[in-house]
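Residue numbers (the UniProt record's numbering), protein chains in the order written: chain A, 1 to 188; chain B, 1 to 188.
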């Protein structure tokens with residue numbers, strides 16, 4: 001008989017399996033997320049893992065399930081200072097191995113897996129929506145004359161941090177963060 | 001007895017295996033590159049695949065072995081026009097599924113696999129070196145007064161294209177390409 005999805009035993013298994021899959025992902029990469037290794041790491045019978053998560057991409061989804069997107073969520077003023085602070089915080093997060101793992105795994109897995117693609121789109125749309133709202137409000141208040149369309153702001157400002165972190169594997173310094181904010185418009 | 005690495009039979013096997021691994025990667029993702037599937041797709045005995053490529057990360061390396069890096073390789077003048085042309089060509093490449101696969105697989109696999117990390121670093125360093133040389137020469141000729149350090153040019157100009165293509169899964173238009181080139185300095 002199928003265990004109900006709100007059964008406490010199922011929820012405990014799910015938490016253990018998510019933790020095990022995440023640990024394997026961070027330490028060894030997505031290829032390490034197999035039913036055998038997740039079951040062993042979580043201390044759960046392999047049959048249980050197969051029953052609820054028959055495919056390995058579902059295990060990868062559990063590994064990525066708790067990734068938050070806290071950036072640009074509460075606009076502050078002056079907007080320029082707030083953008084510099086948020087972008088700096090994001091740059092410091094992208095200095096971390098675990099954050100690089102999550103970002104590149106998401107971008108890669110989304111090319112084939114529908115569930116991951118929905119998650120990728122969710123992150124991208126959220127970032128674009130938050131930046132668009134903040135920049136349009138700042139322009140309405142006369143804080144900035146925008147050079148770029150607000151919907152391009154994420155690519156223009158976050159793109160360089162993401163490339164530096166995941167392709168060049170370096171860090172983005174304060175001067176570059178300030179320059180990126182200044183590329184978005186003329187701040188008064 | 002071990003087949004010598006310059007033996008024509010070995011080279012034919014290697015080519016078939018590289019082609020099979022690449023086809024599986026593009027269609028199904030890095031997780032599809034297993035000894036069994038590569039052997040079947042290449043029409044080669046599984047034992048042969050295991051003998052020469054005992055680990056799956058070596059098969060992934062074969063799948064990525066022939067990826068070229070043709071961008072920014074032959075500077076033209078005026079430098080601003082050349083940069084716009086090259087960046088536009090790169091943006092059009094990043095519109096393609098296969099190029100997104102290669103870029104995101106490299107960034108992801110490099111976090112755990114030494115061979116992939118060397119390849120990632122090779123791409124990143126080559127791009128930085130080419131842009132640095134072209135921008136410094138343009139500045140010496142009085143074509144531009146650079147705002148950014150030339151070593152940051154790849155992150156500033158290519159980063160937004162890479163983010164747009166692999167996180168937002170959209171395209172970078174001509175106006176954005178022109179703006180990115182203008183962010184690098186004041187062109188005369």
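Note that the Cβ used here is the ideal one computed from N, Cα and C, for glycine as well. This structure is a prediction, so every number in the text was calculated from the model and none was measured.
Given a threshold of 16 other Cβ atoms within 10 Å of its Cβ, counted over all protein chains shown, does residue i qualify as buried or as exposed?
i             : result
residue 96/A  : exposed
residue 30/A  : buried
residue 55/B  : exposed
residue 18/A  : buried
residue 69/B  : exposed
residue 136/B : exposed
residue 11/B  : exposed
residue 124/B : buried
residue 141/A : exposed
residue 122/A : exposed
residue 5/B   : exposed
residue 138/B : buried
Excluding the 5 residues flanking residue i on each side, which residues of the same chain have their C-beta closer than 8 Å to its C-beta?
i             : result
residue 131/B : 72, 150, 153, 154 and 157
residue 143/B : 77, 78, 79, 80, 187 and 188
residue 50/B  : 35
residue 48/B  : 13 and 39
residue 147/A : 183, 184, 185 and 186
residue 98/B  : 26
residue 65/A  : 18
residue 175/A : none
residue 16/B  : 42, 43 and 44
Give the C-beta separation of residue i and residue j to the nearest angstrom, bearing in mind that I take them to be a contact with Cβ-Cβ under 8 Å.
i             : j             : result
residue 21/A  : residue 104/B : Actually they are not in contact, since the Cβ atoms of residue 21/A and residue 104/B sit about 20 Å apart, beyond 8 Å.
residue 39/B  : residue 45/B  : 7 Å
residue 112/B : residue 28/A  : 6 Å
residue 133/B : residue 185/B : The pair is not a contact, with the Cβ atoms about 15 Å apart (cut-off 8 Å).
residue 183/B : residue 183/A : 5 Å
residue 63/B  : residue 25/B  : 5 Å
residue 43/B  : residue 159/A : Actually they are not in contact, since the Cβ atoms of residue 43/B and residue 159/A sit about 42 Å apart, beyond 8 Å.
residue 110/A : residue 120/A : 4 Å
Taking 7 Å as the limit between beta carbons, can you name the residues of its chain near residue i, skipping five residues before and five after?
i             : result
residue 128/B : 151 and 154
residue 86/A  : 71 and 72
residue 83/A  : 181
residue 126/A : 69
residue 177/B : 84, 87, 88 and 91
residue 8/B   : none
residue 166/B : 100, 103 and 104
residue 117/A : 110
Might you give, ordered along the chain, the residues of its own chain that have their beta carbon closer than 6 Å to the beta carbon of residue i, omitting 5 neighbours on each side?
i             : result
residue 102/A : 67
residue 115/A : 61
residue 172/A : 91, 161 and 164
residue 170/B : 164
residue 32/A  : 24
residue 59/B  : 21, 33, 38 and 53
residue 57/A  : 113
On the three-state DSSP scale, how would you describe residue i?
i             : result
residue 14/A  : helix
residue 186/B : strand
residue 109/B : helix
residue 95/A  : coil
residue 4/B   : coil
residue 20/B  : helix
Let me check you understand the geometry: is the CB of residue i closer than 7 Å to at least one non-hydrogen atom of the ligand GTP?
i             : result
residue 121/B : For the structure depicted, the ligand GTP is absent and the ligand set is empty, with no information on it obtainable.
Curious, which full-length alpha helix (DSSP H) runs of at least 4 residues does the segment 114-174 of chain B contain?
-> 114-140 and 153-166
Tell me the start and end of each unbroken alpha helix (DSSP H) in the segment 27-91 of chain B that is at least 4 residues and wholly inside, in chain order.
-> 35-42, 46-52 and 56-63
Please name the residues in the segment 122-151 of chain A whose beta-carbon is closer than 8 Å to at least one beta-carbon of chain D, in chain order.
-> The structure shown contains no chain D; its protein chains are A and B.
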